[in-house]
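Read left to right, the sequence shown gives residues -19 to -1, 1 to 169 (mature numbering (1 follows the signal peptide of the UniProt record, and there is no 0)).
Don't be surprised by glycine CBs; every beta carbon is placed ideally from N, CA and C.
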Amino acid sequence: MKKLLLMAAVVLSCLYACRKNDGASPDSGNPPVTTPVLPDPQDPGAMTKVVKVAHGKLIKGEFPTGSGASAPMLKEDEYLAVPSVAGGQYIIVPLITHTAAAVKGAYVKIAGADSYFEIDFSAPYNTRKSGQPYLSASGNAAGVVADSAICIRLPEQIKPALLTIEFAARYKDDKISNKVVAGFNITK
């Protein structure tokens, strides 16, 4: 009789352990399925957090102002086109000046953001020296510096929209160029 009671207690405890809890769903052991929130290129704060800028250091504050006519100027008309870029790809922005100039760094920000990236070109991307002017086929300096381009990596998953950036170049004598605005059409 004692064995029968002991066996019944074990069976009842096993059945009690397998019961459904009140208010719980049958699949409560599985985490709920959530869709990831994609960064929106129209949200400058969110985009500043998710983009990666090569050799860039994030600085909170106002974008630096240009040094005026004494500094070499970027060619604004070179950035009028709005190229398409897919998520996970790089945005490469060469710094094209009116005259050949030794570029020390750059400043770039997502338009409307409260912070910007300061880029240092002294660290080479592929063991090249920065500030070496790119020579065209005729041997004349084309105004492009070979290792001085802004490289922005977009996140893999991103909403398709227009991304607008503002950027300026910083030269060897610490003069800052004019600020240029460029747009990029983000696709899937």
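C-alpha gap between residue i and residue j, whole angstroms
i	j	result
Ser129	Val74	9 Å
Ala94	Val14	32 Å
Ala27	Met54	30 Å
Lys56	Val66	22 Å
Ser96	Lys38	10 Å
Lys(-18)	Leu(-8)	15 Å
Thr78	Cys132	17 Å
Tyr115	Pro45	Caution applies to Tyr115, whose pLDDT of 48 falls short of 50 and renders its modelled position unreliable; the value that the coordinates give is listed next. Near 27 Å, if we compare the C-alpha coordinates of Pro45 and Tyr115.
Gly124	Leu144	Reliability fails at Gly124, whose pLDDT of 46 lies under 50, so the model's placement of it is uncertain and the value that follows must be treated cautiously. Between Gly124 and Leu144, the C-alpha separation is close to 26 Å.
Asp24	Cys(-6)	54 Å
Lys(-16)	Cys(-2)	It is Leu, not Lys, that sits at residue -16 in the sequence shown. The alpha-carbon atoms of Leu(-16) and Cys(-2) are separated by roughly 21 Å.
Ser103	Phe165	27 Å
Beta-carbon proximity of residue i to residue j, cut-off 9 Å
i	j	result
Ala149	Ala81	no
Arg134	Gly69	yes
Pro22	Lys30	no
Ala163	Tyr60	yes
Ile100	Ala35	yes
Ile146	Ala62	no
Ile40	Phe98	yes
Val(-10)	Pro136	no
With 16 other Cβ atoms within 10 Å as the buried cut-off, status of residue i
i	result
Val84	buried
Gly49	exposed
Pro64	exposed
Ser158	buried
Gly42	exposed
Pro17	exposed
Val161	buried
Tyr(-4)	exposed
residue 177	Here the chain has residues from -19 to 169 only, and residue 177 is not among them.
Leu76	buried
Cβ of residue i within 9 Å of any chain D Cβ
i	result
Gly42	Among the chains of the structure shown, chain D does not appear; only one protein chain is present.
### alpha helix (DSSP H) runs contained entirely in the stretch 58 to 108, provided each spans 4 or more residues
Complete alpha helix (DSSP H) runs here, min 4: none at all.
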